[in-house]
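Asks: One structure, as structure tokens, below. Some questions next.
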Ligand SMILES: [Zn+2]
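Numbering (the working numbering), first residue to last: 9 to 60.
What follows is the structure in structure tokens.
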């Protein structure tokens, strides 16, 4: 089942698994929200995952 994680800005990180979706959001945060890197943990992201 595909997963999505919604960023606070509305960006959707998508993946075939929650791990892939978390990786997509981490890359997005590094690019667009560098201030959040290190504050939002991978566990936080995984907890935010929803069914795509
Ligand atoms: Zn964002």
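Every residue, glycine too, gets a C-beta built ideally from N, C-alpha and C. Values in this document were obtained by computation on a predicted structure and should not be read as measured data.
If I follow the unbroken alpha helix (DSSP H) through residue 20, where does it start and stop?
Replies: Segment 20 to 23 is the beta strand (DSSP E) holding residue 20; no alpha helix (DSSP H) there.
Asks: Compute every distance between the C-beta of residue 52 and the non-hydrogen atoms of ligand 1, then say whether any falls below 7 Å.
Replies: no
Asks: Leaving out the 5 sequence neighbours to the left and right, which residues in its chain are closer than 7 Å to residue 45 when beta-carbon positions are compared?
Replies: Residues 37 and 38 of the same chain have their beta carbon placed closer than 7 Å to that of residue 45, with the five preceding and five following residues left out of the count.
Asks: Would you give the residue range spanned by the alpha helix (DSSP H) that residue 26 belongs to?
Replies: 26 to 40
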